[in-house]
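Reading through the structure tokens given below for one structure.
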Amino acid sequence: AIMLQLLRRTRQAGVVAETATFDRWFYVPGFLRQVLALGFARVVLKAKRNIRYGYHGQEQTIEQLAPQIPAKRYRTKRHRGHRVKLATLHVQHGELGRVKLVFVKELGAHNRIVHRYVLMCSDSHFPTDQVYRVHKLRWKIEVGYRELRQNHGFEAYHARNFNANFGHIALSFLSYLCAVVTRLLTPSLRHKTLGQIKHLVFDALVGLERFVEPIRVKFSAVFLREIGLPAYCARKL
């Protein structure tokens, strides 16, 4: 219910994303139908082993379907420098109707298969390589949460008050966005991780001076020479 409320709010706020992607935990047909009812064109997520699909007049699981795909049906694609083999089956889902299953074999050195899984896309016409690309984009969410936990105090609170929790989470995300923007606007920091930027910039020792104007923040000469300031900072010597 909370996830649906959040998705509904994003639509009301003007977010026009066509594709919603989730991890396997959200593979609940009733939930997926409600997501589609919000206006999303499709959902993409990993398929569950116990879900049965209609194929050639039989109800079969993905483990039963996989051996029926000949090797020549797999097409090799490249995604961010990595090779992957993809094959598709159009099957019938009892509650979602006609869907596409994308069988994925991620390759490592010497064409060795390092990961093997199956994706389900509710839109049977969505291009196969796009199904894979959308799923891989979801990993950025996990990376973002890890960064928030490790460097932005996302989990470092024990309050039970909703407003306090909401404020803490909002400020954690704001801190994360500040680090992202700082990296984008500072050429000397673009090769740094967000954690390194936080420690270099946001944890830097500075001097404060208060004049008639707003407070001035003074960085050391070494900091200015080696790191520099983002473009949004007014630098005065």
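Read in the numbering used here, the sequence shown has 101 at position 108, and its numbers run on one by one without any break.
The beta carbon of each residue, even a glycine, is placed where N, CA and C say it ideally should be.
When burial is assigned at 16 or more other CB atoms within 10 Å of the CB, is residue i buried or exposed?
{"i": "Val28", "result": "buried"}
{"i": "Val275", "result": "Any question about residue 275 goes unanswered here, given that the chain covers just -6 to 230."}
{"i": "Val174", "result": "exposed"}
{"i": "His72", "result": "exposed"}
{"i": "Ile55", "result": "buried"}
{"i": "Cys114", "result": "buried"}
{"i": "Ser213", "result": "exposed"}
Output the distance between the C-alpha atoms of residue i and residue j, rounded to the nearest integer angstrom.
{"i": "Arg45", "j": "Leu94", "result": "12 Å"}
{"i": "Pro60", "j": "Arg105", "result": "18 Å"}
{"i": "Glu140", "j": "Lys185", "result": "13 Å"}
{"i": "Asn154", "j": "Ala197", "result": "32 Å"}
{"i": "Gly90", "j": "Thr69", "result": "28 Å"}
{"i": "Gly239", "j": "Arg131", "result": "Outside the displayed span of the chain (-6 to 230) sits residue 239, for which this structure offers no information."}
{"i": "Leu(-4)", "j": "Thr3", "result": "Sequence check: residue -4 is Met here, not Leu. About 11 Å."}
{"i": "Gly137", "j": "Arg109", "result": "24 Å"}
{"i": "Gln53", "j": "Val84", "result": "10 Å"}
{"i": "Val37", "j": "Leu82", "result": "15 Å"}
Per DSSP, residue i forms a beta bridge with which residues?
{"i": "Ala52", "result": "According to the sequence as given, residue 52 is Glu; it is not Ala. Answer by DSSP bridge pairing, in chain order: Gly47."}
{"i": "Gln85", "result": "Gly47 and Arg91"}
{"i": "Met113", "result": "Leu38 and Leu94"}
{"i": "Leu100", "result": "Ile106"}
{"i": "Leu201", "result": "Val210"}
What whole-angstrom Cβ distance do residue i and residue j have, given they're in contact under 8 Å?
{"i": "Ile169", "j": "His145", "result": "With the sequence shown as reference, residue 169 is identified as Tyr, and Ile is not the correct amino acid for it. Right, the Cβ-Cβ distance comes to about 5 Å (below 8 Å), so this counts as a contact."}
{"i": "Leu178", "j": "Pro223", "result": "4 Å"}
{"i": "Glu88", "j": "Pro22", "result": "4 Å"}
{"i": "Leu112", "j": "Ala40", "result": "7 Å"}
{"i": "Gln143", "j": "Gly74", "result": "Actually they do not touch by this definition, with Cβ atoms about 26 Å apart."}
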